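First up is the structure itself, then whatever we jot down about it.
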Amino acid sequence: MASEREVDATGSLTSAATPVAAEPDAPVNQENHSAKVRTIWEKHKVQIIIAAIVVAALVLISVIVSVVSRSLRSEERLSVIQEVVAACNRNNKIKVLSDGDYSDNPALQMVWSSIPDREILECIAANTGMSEKTIDTIGYSSSSKDNSSAQWNDWKAVWTLDDDTMYATITVQYLGDDGSSFKKKATIAEFTNNEDQETGTTKEESEPQPFTISLVCYVTSGDMDLSTHTERIDGVTSQNYRDTVWKSGKSVSCNTDDKDSEAAGEKSTTDYEALKAAYGDRADNTEYGMGVLYSECASTSFIQMGMQTMSEGQAKELLGALVLCPDHPRAEEIRQKAGADTARLTEIQSKRQQGLIKDDGTYKVPSEMSTGTWKTMSEKVTNCYWEMQDANGQIYDNNFVSSGIAQTITIPNGVAGFSSQGCGAWEKQ
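Using the UniProt record's numbering, the first residue of the sequence shown is number 1, and each one after it goes up by one.
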């Protein structure tokens, strides 16, 4: 009988000799799959290659068509821009932009820097459909805050102002897809000599008539008269106001009215000088601008002359009018007040920078508002309340004026705060 140890050994040997079930062979499956792929490739490789070539060709053709289409569209747009420039350019004031950001959408660009430049923009407007309102919007812009744009039909305009020179840079783009439909509608010559063409004469054939505009004039009670006027002086124009208004000896205020005012004739060198004096290089070259200045000439009473301090623009406008009528009955008075008010505005600006003028509000004393004597800048105040506080926030002094003359206060040492409401600006004395 075999020993227990022998039995175990025998059993172990028997177990080791028993065959183990085989695992699935992954490489064999992969080889079978590859074989199938090769079979399919061999059977259909011609069709597959042709299909790949067709797809690649379609993609390439699509890219080429897109590039060519964009190039043709860009060329058409450039052609339209060049036509407008050729029609309206004067003294090389307009340039064509076609590189960089403008390669796809070319543009024309001009700088409105003088009165005659409006004629160039009007020519551009006639050819592109830009509205008169857009031209006026650009013309009346006064700072870079007025930078803007406009879009109409297939056109777009963008304008920016230089705050130092007040020149306007205007960029106009054609965004249409059919440049062949564009037709030139006007040339710069039509805007330079439009009056001559309308009459069928030339400057050599007829003497130019002076600029004349009808004025609407009413008798007033004096400067600052804002009442509704009933007594009208009829028949006043920019050529006869000396006889019709000045010689009447009455206080009269004149203006231009779209319904009643008609303009004719050519502007003289003096007219343009007056416009430039009043409005700068970007003066309003329209009948409206001239009408305003001739209205000031005809008038003998003025809102501005009754104001505590007229604005810089109002002062320039009055002085510009005096270029047209240096013999005005109040010419010297106007010059003195315009000069004094302009100097006062400069002083006010300087004092504000120094902290010597403070608007209504709440201030710490003396860090934000100094001690000493302060006076309201308005000659009259209504519903004006001011208050001084000590370091504990208690009222040191205060007052409420429902209606009265300019207020003067003295902030003493020891006051910690000052506030006011409805009093307007305070000026350090």
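Ideal Cβ placement from N, Cα and C applies to all residues, glycine included. Predicted model only: the values in this text are computed from it and were never measured.
- DSSP, reduced to helix, strand and coil, places K133 within a helical segment of the structure shown.
- Per DSSP, reduced to three states, the secondary structure at E333 is helical.
- As the crow flies, the alpha-carbon of A338 is around 17 Å from that of L275.
- Between the beta-carbon of G404 and that of V381 there is about 6 Å, and that keeps the pair under the 8 Å contact cut.
- The alpha carbon of K93 has as its nearest neighbour, out of E83, I120 and V84, the alpha carbon of I120.
- Inter-residue distance for D136 and M305 is about 28 Å (C-alpha atoms, whole angstroms).
- Taking 8 Å as the cut-off, the Cβ atoms of L319 and H328 do not count as close.
- Below 8 Å, enough C-beta pairs join the segment 408-418 and the segment 360-379 to call them touching: three or more.
- Between D225 and the set T165, Y279 and M307, the nearest pair of CA atoms involves M307.
- In this structure, DSSP gives N392 a state outside helix and strand, which the three-state scheme calls coil.
- For A425 and K351, the gap between their C-alpha atoms comes out near 12 Å.
- Under the DSSP assignment, I94 falls in the beta strand (DSSP E) whose first and last residues are I94 to L97.
- By the neighbour-count criterion, in which 16 or more other beta carbons inside 10 Å mark a residue as buried, N383 falls on the exposed side.
- F400 counts as exposed, since fewer than 16 other beta carbons sit within 10 angstroms of its beta carbon.
- With 16 or more other Cβ atoms inside 10 Å of its own Cβ, Y241 counts as buried.
- Secondary structure of V401 (DSSP, three-state): strand.
- Taking the Cα positions, N32 is about 11 Å away from T39.
- With contacts defined as CB atoms closer than 8 Å, A315 and T342 qualify as a contacting pair.
- Cβ atoms of Y174 and D146 stay farther apart than 8 Å, at about 24 Å.
- Counting every other CB atom within 10 Å of its CB across the protein chains shown gives W374 a total of 16 or more, marking it as buried.
- In this structure, the beta-carbon distance from Y396 to G422 does not fall below 8 Å.
- Between T230 and L215, the C-beta spacing is not below 8 Å.
- Of the residues A86, N105, V158 and V96, the one whose Cα lies closest to the Cα of K184 is A86.
- A straight line joining the alpha-carbon of E122 with that of R77 spans about 21 Å.
- Using a Cβ distance threshold of 8 Å, S74 and S103 count as a contacting pair.
- By the Cβ neighbour-count rule, G291 is buried, with 16 or more other Cβ atoms within 10 Å of its own.
- Boundaries around C217 are those of the beta strand (DSSP E), V216 to V219, since no alpha helix (DSSP H) includes it.
- Within the segment 102-184, the runs of alpha helix (DSSP H) that reach at least 4 residues and sit entirely inside it are, in chain order, 117-128 and 132-139.
- Distance from the CA of I170 to the CA of S98, rounded to the nearest whole angstrom, comes to 15 Å.
- Between S301 and D178, the gap from beta carbon to beta carbon reaches 8 Å or more.
- Excluding the 5 residues flanking it on each side, A125 has same chain C-beta neighbours closer than 7 Å at I135, in chain order.
- Counting C-beta atoms within 10 angstroms of its own C-beta, A35 has fewer than 16 neighbours from the protein chains shown and is therefore classed as exposed.
- For Q421, the enclosing beta strand (DSSP E) begins and ends at G417 to Q421.
- Distance from the Cα of S180 is smallest, within the candidate group G289, S79 and I348, for S79.
- If you draw a straight line from the Cα of A278 to the Cα of N413, it is about 48 Å long.
- By the beta-carbon neighbour count (other beta carbons within 10 angstroms, threshold 16), S131 is exposed.
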